[in-house]
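Take the sequence shown: its position 166, counting from 1, is numbered 161 in the working numbering, and each next residue is one higher.
We put the beta carbon where it would ideally sit given N, CA and C, even for glycine.
Below is one structure; the comments refer to it alone.
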Amino acid sequence: MDTFQERLAAMVPRVGVARDTFASAAERSDHRDADPYVDRPMDPIVSEPTIGDPNGADELGDADDLGIADDLGAADDLGVADAIPVIAWPVETPTGWSDAKTGTDGPRYWDRLILSETARVGRYQRPVTVVLVEIAGLVAIGKLWGPRVAEHTLAAAARTLSKEIRTSDHIARIEPLRFGLLLTETTEIAAINFVERARAACERDLTMGAEVVKVAFGWASPPNGGDLADALALAARRLEAELAEL
């Protein structure tokens, strides 16, 4: 009976395979030195338990090893991030009695305060001044550095304004970027000192976004026997005029 090697040698011409392809490492040693990587015995195949769906999350979890994560992380460089819509900031208008973002009173408190002060001014003819303060540029801050930075800047402005008023005065966030201040026993002329002092304090405390953030003021006092609503309207017009110049 033919040996296996003889039958194998007979098959070589038909399949076109060189005989020493099947030779052992010892037989090939006459032709070349043994390659430790080619000639070493095969490691036994050990099956490992499969965790999870082999076609699902586990394959996605190997993205780092395959370099896919780096490609996905380069979305910014490819301009993909620019396609993500940016939510305008601020997204809410204060509505309550107090404002949690700034620690000041809210628009409902402000409305009640204006009603009570209107009655007081009409009865006792005591001086009072309303000051409107707009923190301009916070929308740009939100787009450049994110809403958290914009909210921090808004809260910092509120703290600065609060430190500049007296305990008898009032401050409320009445619009997304606007504060209303009521200075009791203060004439319009005397309020100029407060405005300049508060403006300088805001410029000092908001240095981080000084190139973007601008603080505008508008203030007015009702004439003798006048309505506080008239003073509010005049302060708003003065504020808009100053905003137009920024």
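Residue 191 is positioned such that its CB atom lies no closer than 9 Å to that of residue 102.
In this structure, the beta-carbon distance from residue 126 to residue 176 falls below 9 Å.
For residue 92, the three-state secondary structure derived from DSSP is coil. Per DSSP, the continuous alpha helix (DSSP H) segment holding residue 134 begins and ends at 133 to 140. By a beta-carbon distance limit of 8 Å, residue 196 contacts residue 159. Their separation comes to about 6 Å.
With respect to the C-alpha of residue 231, the residue from 116, 106 and 212 having the closest C-alpha is 212. A distance below 9 Å separates the beta carbons of residue 151 and residue 200. For residue 177, the uninterrupted beta strand (DSSP E) segment begins and ends at 173 to 179. Going by beta carbons, residue 189 and residue 130 fall outside the 9 Å limit. Apart from sequence neighbours up to five positions away, the residues of its chain that approach residue 136 with a beta-carbon distance below 7 Å are 144, 145, 148, 204, 207 and 208, ordered along the chain. Comparing alpha-carbon positions, the option among 236, 162, 122 and 154 lying closest to residue 184 turns out to be 122. Annotation: the continuous beta strand (DSSP E) that includes residue 169 extends over 165 to 170.
Taking C-beta atoms as the reference points, residue 156 and residue 116 fail to come closer than 9 Å.
If you draw a straight line from the Cα of residue 218 to the Cα of residue 226, it is about 8 Å long. Excluding the 5 residues flanking it on each side, residue 97 has same chain C-beta neighbours closer than 7 Å at 149, 150, 153 and 168, in chain order.
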